[in-house]
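Enquirer:
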Amino acid sequence: MIRSITKYKQAFILGLQSNIVYRWTFLARGAFSLLHLVAAFILWGAIFSVKSSVGGFNLEQTITYFVTLIILQFFIGAFNEDYQISEEIRNGLINQFLLKPINYYLYRFSVFIAARLVSGSLVLIPLLLISPWIKNYLVVPHELWRIAYALPAMALAAIIQFTIAYCFGMLTFWFLDIQGFVILSFAVETALGGQTFPLDLMPKAIYNVAQYLPFYYQMYFPAAIITGRIGTSAIPQGFLVQAVWAILLLVIAQLLWIRGLKRHTAVGG
Amino acid sequence: MNYFKIWLAGARYSMVRTLMFRGDFITWSLVEFLWMGVNLLLVSVIYQHTPSIAGWNQYEMVMLVGTSMLIQRLVMGFFWTNLFELGRNVRSGAFDFFLAQPGHPLFMASTRKLDPDGLLNSFVALGVVIFAAHKLNLHPSLIDMISYGFIIIAALAIHYSILVLTMALSFWLTSTSGIEGTYFALTEFSRLPKGAFHGIARLVFVWVLPLVVVSNTPADILLHGLKLSWALGLFALAVVWVCVAIYVFNRGLKRYSSASS
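Protein sequence lines, in the order shown, are assigned to chains A and B.
Take the first sequence: its letter number 212 is residue 211 in numbering that gives the first Met the number 0, and every next letter is one higher.
Take the second sequence: its letter number 76 is residue 75 in numbering that gives the first Met the number 0, and every next letter is one higher.
1. Under three-state DSSP, which class holds A/F56?
2. Per DSSP, which one or two residues make a beta bridge with B/W6?
3. With distance defined between alpha-carbon atoms, name the residue in B/L210, B/A184, B/L113, B/G224 nearest to B/D143.
4. By the 10 Å Cβ neighbour count, where 16 or more other Cβ atoms means buried, how is B/D95 classified, buried or exposed?
5. Please work out which residues of its chain come closer than 7 Å, Cβ to Cβ, to B/P209, disregarding the five sequence neighbours upstream and downstream, and give them in chain order.
6. Would B/I145 be called buried (16 or more neighbouring beta carbons within 10 Å of its own) or exposed?
7. Can you confirm whether B/H158, when its beta carbon is compared against all beta carbons of chain A, has any partner nearer than 8 Å?
8. What does B/L29 reach in chain A if we use C-beta pairs closer than 7 Å?
9. If you pair each beta-carbon of the segment 193–203 of chain A with each one of the segment 125–137 of chain A, do three or more pairs fall below 8 Å?
10. When you compare only the Cα positions, how much space is there between B/P164 and A/F47?
11. Is the beta carbon of A/G44 closer than 8 Å to that of A/L34?
12. Can the beta-carbon of A/F220 be found closer than 8 Å to that of A/A152?
13. Using DSSP with H/G/I as helix, E/B as strand and the rest coil, what is B/W171?
14. Please report the residue range of the alpha helix (DSSP H) in which B/H133 lies.
15. Could you tell me how far apart the beta carbons of A/F167 and A/S184 are, in whole angstroms, since I believe they sit closer than 8 Å?
16. For a test of the three-state rule: what should DSSP assign to B/I52, helix, strand or coil?
17. When we look at the beta-carbon of A/E142 and count the other beta-carbons within 10 Å, is it buried (16 or more) or exposed?
18. For A/I129 and chain B, any beta-carbon pair shorter than 8 Å?
19. Taking its Cβ as the centre, do 16 or more other Cβ atoms sit within 10 Å of B/V212, making it buried, or is it exposed?
20. Between which two residues does the alpha helix (DSSP H) harbouring A/R262 extend?
21. Under 8 Å between beta-carbons, which chain A residues line up against B/F196? List them in chain order, please.
22. Under a Cβ-count criterion, where at least 16 other Cβ atoms within 10 Å of its own Cβ denotes burial, should A/A77 be classed as buried or exposed?
23. Can you name, in chain order, every residue of its own chain whose Cβ lies under 7 Å from the Cβ of A/A10, other than the five neighbours on each side?
24. Secondary structure at A/Q217, three-state DSSP: helix, strand or coil?
25. Beta-carbon separation of B/F248 and B/D116 under 8 Å?
26. Name the two residues that bound the continuous alpha helix (DSSP H) containing B/V268.
27. What are the boundary residues of the alpha helix (DSSP H) that A/V110 is part of?
28. Between which two residues does the alpha helix (DSSP H) harbouring A/M201 extend?
29. Look up B/K253 in the DSSP assignment and say whether it is helix, strand or coil.
30. In the DSSP assignment, find the unbroken alpha helix (DSSP H) run with B/G65 in it and report its ends.
31. Excluding five sequence neighbours on each side, which residues of the same chain lie with their C-beta closer than 7 Å to the C-beta of B/F97?
32. I need the DSSP call for A/W173, collapsed to helix, strand or coil.
33. Let me know if B/F3 comes out buried or exposed under the rule of 16 or more other beta-carbons within 10 Å of its beta-carbon.
34. According to the Cβ coordinates, are A/F214 and A/E188 closer than 8 Å?
35. Count Cβ pairs between the segment 147–155 of chain B and the segment 23–40 of chain B that sit closer than 8 Å; are there 3 or more?
36. Under 7 Å between beta-carbons, which chain B residues line up against A/I124? List them in chain order, please.
Set out below in structure tokens:
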């Protein structure tokens with residue numbers, strides 16, 4: 000067990016080192032996200048100039064939601080893990096994992112955690128730089144229990160995010176190019192994951208359906224806990240559905256790996 | 000005429016390529032279609048909670064978003080793949096290929112491929128504009144419609160120039176990977192009404208980077224009729240942006256040293 004943990008700890012350290020190399024890329028990406036925040040400021044600022052509340056929340060609470068999303072995206076979001084896995088399959092780099100006592104999913108997940116630790120820490124820099132301008136717009140509920148619930152929700156969300164990316168990567172066993180699938184899914188995730196608007200603003204019927212889809216739990220669920228958009232009564236059911244999706248996706252990932260390897264041909268020597 | 004023949008040859012090649020990879024064409028058409036759906040969903044959800052944004056009602060906003068999508072689909076269809084590859088080709092040295100071709104390198108590099116999925120979806124975007132016009136009970140005159148078309152071409156030229164300027168950075172920087180994200184982040188502003196911008200945001204996103212003006216002006220023509228001064232101003236702006244893009248590209252070209260061993 001300890002030897003097993005040491006193995007993935009090494010992968011984690013390797014992930015940290017290789018991602019620190021890309022610190023400028025992550026910083027640039029963080030800066031681009033601020034453009035998204037500026038657009039949200041302009042749009043919601045115009046909406047709130049004639050209304051004091053939208054969906055029961057004021058401008059400050061809405062802006063806090065979008066800032067939280069950006070932080071979460073850099074701490075738990077899957078960036079290009081799908082393409083990395085796809086490249087490793089296409090180039091035959093996964094062959095080395097087939098010969099070693101290493102679980103490929105756990106190896107990639109260890110690297111993913113390291114990468115998000117680096118990108119998450121780096122996005123805080125541009126946010127700190129603009130904090131004098133946005134601090135008056137940030138209103139986080141003071142209930143401590145929200146943090147206690149948000150942390151496991153973030154952990155499960157990270158598993159869902161990574162496992163979906165992993166499954167897309169696995170599709171390389173069947174398809175030469177997965178980019179179309181990834182961007183197709185990204186469009187759905189953007190809409191139903193709450194990245195363009197808080198999901199509770201959707202019509203009630205659609206919102207109720209969205210609560211049973213995995214996209215809701217990729218980012219919106221932890222963000223809604225942190226920013227106070229959902230109350231205590233909705234949290235237990237949320238955790239249950241989130242855990243079911245995490246397990247279901249892990250099973251799908253494992254099935255794709257087993258079936259994919261049957262199609263895989265390792266060439267070299 | 001010679002340039003037109005070269006462009007036509009590239010277009011023919013792109014069509015043949017699309018027919019060869021029909022699955023890709025369907026997937027990418029669906030991708031672009033879904034992204035437009037996401038933008039319209041945002042409008043639809045927001046207007047459940049407010050009657051107007053900066054003085055624009057729901058269908059006026061649909062008109063603006065449709066116009067912005069139309070410009071972006073045309074950029075995607077005519078130029079995106081070419082300019083995206085430009086950055087990579089400069090880095091890898093594959094740009095040599097364009098220098099040996101019978102035309103200005105910027106023209107050759109910008110027009111080699113067409114993306115029929117983007118062009119197909121530009122009809123969908125146009126459908127969104129027509130739908131909004133119908134809902135608003137608009138009856139634009141022939142002059143307004145022709146002006147709308149010309150302004151879209153000017154907008155396309157400005158978007159193209161911004162994209163060229165972004166990708167031309169690869170002549171100076173060793174790695175521009177991910178820089179294309181800047182363009183997409185900026186286009187987000189083009190779907191917002193001009194009246195929503197205030198202070199420094201108005202200066203930067205409306206005047207310095209005219210992405211907001213290029214989507215608002217054509218939508219405004221259909222909504223409120225042609226304002227000749229705005230239309231001519233936008234044309235002048237397009238000429239300036241294209242000239243700047245060509246100048247910067249030519250300067251970058253002088254720095255290009257290939258990458259062969």
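Using N, Cα and C, we set each Cβ at its ideal position, and we do this for glycine too.
Expert: The structure says:
1. strand
2. For B/W6, which the question treats as bridged, DSSP gives no partner whatsoever.
3. Checked all of B/L210, B/A184, B/L113, B/G224; the closest Cα to B/D143 is B/G224.
4. exposed
5. Counting only Cβ-Cβ distances below 7 Å, and skipping sequence neighbours, we find I157, L236.
6. exposed
7. no
8. L183
9. no
10. Here the sequence assigns Leu to residue 164 of chain B, which means Pro is not the residue at that position. Rounded to the nearest angstrom, the two C-alpha atoms are 35 Å apart.
11. no
12. With respect to A/A152, A/F220 sits close: the two C-beta atoms are nearer than 8 Å.
13. coil
14. 115–134
15. 7 Å
16. strand
17. exposed
18. no
19. buried
20. Segment 234–262, the alpha helix (DSSP H) holding A/R262.
21. I41
22. It is buried - the Cβ of A/A77 has at least 16 other Cβ atoms within 10 Å.
23. Y106, S109, V110
24. coil
25. no
26. Beyond the ends of chain B as shown, which are 0 and 260, falls residue 268 of chain B; an answer cannot be given.
27. From DSSP, the alpha helix (DSSP H) with A/V110 extends over 103–133.
28. Here A/M201 belongs to no alpha helix (DSSP H), and DSSP marks it neither H nor E.
29. Helix at B/K253.
30. 57–74
31. Here B/F97 has P104, M107, A108 as same chain residues with Cβ atoms under 7 Å from its own Cβ, once five neighbours each way along the sequence are excluded.
32. coil
33. exposed
34. In contact: A/F214 and A/E188 (Cβ atoms closer than 8 Å).
35. With fewer than three CB-CB distances shorter than 8 Å, the segment 147–155 of chain B does not count as touching the segment 23–40 of chain B.
36. Here the premise fails: no neighbours, minimum Cβ distance about 17 Å.
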